[in-house]
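Oh and the sequence shown: position 436 is 437 in the working numbering, straight run, nothing missing.
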Amino acid sequence: MRKDEIIIRGAKEHNLKNIDVKIPRNTLCVITGVSGSGKSSLAFDTIFAEGQRRYVESLSAYARQFLGRMEKPDVEYIEGLSPSISIDQKGVSKNPRSTVGTVTEIYDYLRLLFARIGVVHCYQCGNVVEKQTVQQIVDSITNLIDNSRIQILSPIITHMKGEHVQVLESIKKQGFVRARIDGEIIDLNSEIKLEKNKWHNIEIVVDRIIIKKNVDLNRLTESVESALKAGEGTIIVEQSTSGNTNDIIYSEKFACLQCDISITQLEPRNFSFNTPFGACSLCTGLGYKLEINPYLIIPNSNMNIEDGGIIPWSNPNSFEMSSLKSLSEFYDFSLNSPINMLPKEVLEIILFGSKNEIISFSHITNSGKIYNWSSKFEGVIANLERRYINSESEKTKENILRFMTQQPCNECNGERLKPEALAVKVSGLNITDLTKLSVEDSLEWVSSCKLGLSNLSQRDLKIGEQIFKEIESRLNFLSKVGLDYLSLDRTASTLSGGEGQRIRLATQIGSGLMGVLYVCDEPSIGLHPIDNQKLILTLLNLRDVGNTVIVVEHDESIMNAADHIIDLGPRAGENGGNIVAVGNIDKIKKSKQSLTGLYLSKNKIIDIPKKRRKGNGKNISIVNARENNLKNLSLNIPLGKLVCITGVSGSGKSTLVNEILYKKLAQQFYKSKDAPGKHDDILGTQNIDKVINIDQSPIGRTPRSNPATYTGLFSYIREIFASMPESKARGYKAGRFSFNVKGGRCESCSGAGFTQIEMQFLPDVTVPCDVCLGVRYNREAIEIKFKNFSISDILDKTVSEAAKVFENQPSILRKLKTLIDVGLDYIKLGQPATTLSGGEAQRIKLATELSKRSTGKTLYILDEPTTGLSFDDVSKLLLVLHKLVDKGNSIILIEHHLDLIKNADWIIDLGPEAGEKGGNLVGEGTPEFMATLKSSATGVYLEKLNEIIPNKSSEGGTKALENLKNKELSLEKPFIFPERPSKLLIRKKNKNRFRRRRR
């Protein structure tokens, strides 16, 4: 009998306290609670893990070896499970070949569409290239205007010099009596003399016919067949109507006669940038290539060459410096002159080589040996790129890679495909034109094709009917989850965790599965409140087709839409793991023990500041930002304030802050090689002394990284253990208490705490080390105690527990308190970095910065810091952020959470919509001013808050800074290097099949 509930008994995974819970099947169930309360432990590590394990266990041993070993979660009993699918935030592909189109399979259908109904054009002249049968050619000729006179011609010589005597004799012997030579009809029996050094065209006149309704089809067919045979698959029909003459070309094969280019039969693989059949031969389908950036090899153009102005060639005794000295003697320039004062021609030779000019070089080695030789000068950039491509030394490649940046491929212009594929069009667009469109615009294109509003024939529409249907359904699913602003060529690695998760959610909806258990991790991440309704409808749609949807979520609107809510807590870590409240939204609101319920019922709220900060009167100004969808945007970001950048998803927030502002500041302060997005200038950088971007990337990529090592706590802790009397007696140093070096670590597992056992045809098994039993250290290191705790015991303690142990150690306690301040009192000091969520990693970074001494002139950038935070966690985070700004620092947040937005001193709202309809300033000002703007989606939601009193007289505005756009920029203009020669192309010595020789 089918159960209508999922029954869980005795769940003890991680910090879960032996809990029992029931979840109604075919419902939308939200699991909520403070960070660290056990939400993910219940949803993913218990329910999903057991559902997946049971499915995998039903497979054969052979199949299981490819799926990995599924550990049984620590739970006594689970009943009513379905096959489980997890949709988390960590599955976004980092492969540069993965795009939104490939991940959603839309690109696969586009490839099929273009292969089947695409119109082939010549990639040189742009003319349509068609392949036709004899029957199609005859039908086309009979459809010409009645009474028009035609001549059927076979092209024999096309644009070739010579007298062509033998060709003309051969034609005559075949029985033909006339030929069209250079556009004139000539009798072959007459004397024909062609000029040897002129270009000529010769076509045989096979037949002459007048097109009528009763035209002799047999004669016409025979003439066409004869002409095709003589012309090797190509004929020309000269049509004369009312004194006008024009040529119509027909061909049995895909070929452009004008350019003499043949095109292979189209297949879907011809449009794939992941195969050599379709990928650009130069960039192999990546769309970009690595090139030496002159600004990285010469970061300071005021320096001269002799003092090391060219960084990779700065060694004064090197072979390269000797080459430059010889070069300076040959071209008569000084190595002591500042690089920006050298003539442009000289600098071009230094960077890109002497072309064909032979130069005499000399080099004296350290031992005094002299070498003399004569050759062309290769050029600094050409030399470095050649060595990078051909070197087999990883160290050499790494050294040169520091000076390289990604540049669009100059053969395909970043479009990834061969020119033959790019010349195929459907309804006027090639496949990359189509992938550059947003999901919304792509839907409009598909609709116009289906409705017959394009130039597609009925035959094309019939062939593409099912393909259009599949493409449209997938585009609709993406639109429904609030991703209609994404373009299909967007690289998957550039998607946020929330965007990647919603793409997989859309893919699952498209699969049409029923009877499945879906477990989602905060799908609302990155969504503006106005976009949340689309997401809710998607989740309800998944539920309504017969699935159970479990969502780990903190968003109030999703909780209001849920059928069932489970609130875990009451606090985090060891103080969590219990069921606090269960039921619908009304039951949760009535619960006095539930923190979530108190916030939902408004019995507890996050207050706004009593007054907004005025700032320090200084600004950072961004001038003419135009990357991605930004529309030449110029604006001031006030300093000494908590500034919130808002706007609907895809409005340009991340582009403005992360791609332009941060990358430009990182170049200025840290010599970063990442190129910022398009803009004219950043003014006011002298008003800050450093910039810190606190993102959600992992704090480490191996289990050896943990909060203690990242924050620097572990160094202090090891010093304390090394200062113990027993350590001094044994001669132990701080290194003895590291699990990464020999000495104190367990050598059996090399300090990992576990070992992997190879299982041949079964997957490898990870088990605790049988020597140290998972503590990572050897017996001698464990024997040293501080307050009766070993080094392993300390790593196993939570932050709050460690704070009690080290209450008399100020240097350690200060760092621990900052972790507590950001709501991370529940994580363990030795918790592997790979098990931390993006939000936890971000707050660890924030705590690390908080523990440092502040200069009061730091600019902090945070992208959605409320990810993974409950209402109570957001309240704690705000205290920390306000503390940072009160010290004189500035904070820029990209955020959608209204509780954080209402606490901002200044809001900059972008939009008004996503993609091409975004990228403008909708408004800026205090929350009170923004609440008066009906044109602002953020303002509309702020107006609904009881705490915000709309005030038009409050500080704010709706216009971008036009005066900045025409202002003479105050920063020094960068030195402009000579342009890279178009012929500078470095290739591998051994060309593989991906690479095609350039013409």
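Glycine included, C-beta positions come from ideal geometry on N, C-alpha and C.
Bear in mind the structure is a predicted one, so any value in this text is a computation, not a measurement.
Alpha-carbon spacing of residue i relative to residue j, whole angstroms
{"i": "L880", "j": "F715", "result": "26 Å"}
{"i": "Y296", "j": "N411", "result": "20 Å"}
{"i": "K654", "j": "T927", "result": "18 Å"}
{"i": "E557", "j": "N707", "result": "32 Å"}
{"i": "K966", "j": "L634", "result": "Only weak support exists for where K966 lies, its pLDDT of 46 falling under 50; the coordinates are left without a value."}
{"i": "K426", "j": "I142", "result": "25 Å"}
{"i": "G369", "j": "S329", "result": "22 Å"}
{"i": "F378", "j": "T366", "result": "20 Å"}
{"i": "N96", "j": "A493", "result": "7 Å"}
{"i": "L882", "j": "G824", "result": "13 Å"}
{"i": "E170", "j": "F115", "result": "45 Å"}
{"i": "A1067", "j": "Y711", "result": "Because the chain in this structure spans residues 2 to 1000, residue 1067 falls outside the shown range and cannot be described."}
{"i": "G754", "j": "S739", "result": "13 Å"}
{"i": "T819", "j": "A676", "result": "33 Å"}
{"i": "S955", "j": "E929", "result": "7 Å"}
Collapsed DSSP secondary structure at residue i in the structure displayed
{"i": "Q407", "result": "strand"}
{"i": "I157", "result": "strand"}
{"i": "N27", "result": "coil"}
{"i": "N414", "result": "coil"}
{"i": "A384", "result": "Residue identity check: residue 384 is Asn in the sequence provided, not Ala. Of the three classes helix, strand and coil, the one that applies to N384 here is helix, per DSSP."}
{"i": "G685", "result": "coil"}
{"i": "G736", "result": "helix"}
{"i": "C281", "result": "coil"}
{"i": "V347", "result": "helix"}
{"i": "L291", "result": "strand"}
{"i": "H883", "result": "helix"}
{"i": "A256", "result": "strand"}
{"i": "T47", "result": "helix"}
{"i": "D490", "result": "coil"}
{"i": "Q266", "result": "coil"}
{"i": "P339", "result": "strand"}
{"i": "I299", "result": "coil"}
{"i": "F722", "result": "helix"}
{"i": "N128", "result": "coil"}
{"i": "A834", "result": "helix"}
{"i": "Y519", "result": "strand"}
{"i": "R702", "result": "coil"}
{"i": "K816", "result": "helix"}
{"i": "N1078", "result": "Because the chain in this structure spans residues 2 to 1000, residue 1078 falls outside the shown range and cannot be described."}
Sequence-distant residues of its chain with Cβ nearer than 7 Å to residue i (five each side left out)
{"i": "L430", "result": "none"}
{"i": "E14", "result": "S42, D46, T47, P74, D75, V76"}
{"i": "R815", "result": "S852"}
{"i": "S855", "result": "K888, N890"}
{"i": "R613", "result": "D906, T927"}
Short Cβ contact (7 Å threshold) for residue i with residue j
{"i": "L528", "j": "S394", "result": "no"}
{"i": "I700", "j": "A848", "result": "no"}
{"i": "K642", "j": "D906", "result": "yes"}
{"i": "D522", "j": "V553", "result": "yes"}
{"i": "L640", "j": "A961", "result": "no"}
{"i": "I689", "j": "Y861", "result": "no"}
{"i": "G543", "j": "P524", "result": "The sequence as given places Leu at residue 543; Gly does not occur at that position. Contact flag unset, no."}
{"i": "I908", "j": "T539", "result": "no"}
{"i": "I526", "j": "G499", "result": "yes"}
Residues near residue i in its chain [Cβ-Cβ closer than 6 Å; skip 5 each side]
{"i": "A228", "result": "I153, S155, V207, I236"}
{"i": "V581", "result": "D568, G570, P571, Q594, S595"}
{"i": "F278", "result": "R270, N271"}
{"i": "I785", "result": "F722, M725, E727, S728"}
{"i": "T959", "result": "G924"}
Own chain partners of residue i with C-beta closer than 8 Å, once the 5 adjacent residues on each side are dropped
{"i": "S375", "result": "I359, I360, S361, F362"}
{"i": "V348", "result": "Note on identity: in this sequence residue 348 is Leu, with Val being the wrong assignment. Taken in chain order, the residues that qualify are I340, F978, P979."}
{"i": "E948", "result": "I606, D608, I609, K903"}
{"i": "K590", "result": "G598, L601, S602"}
Cβ-heavy atom distance, residue i to the ligand MG, below 6 Å
{"i": "P25", "result": "The ligand MG is not part of this structure, which contains no ligands at all."}
Beta strand (DSSP E) runs contained entirely in the segment 545 to 629, provided each spans 3 or more residues
549 to 553, 565 to 570, 579 to 584, 620 to 626
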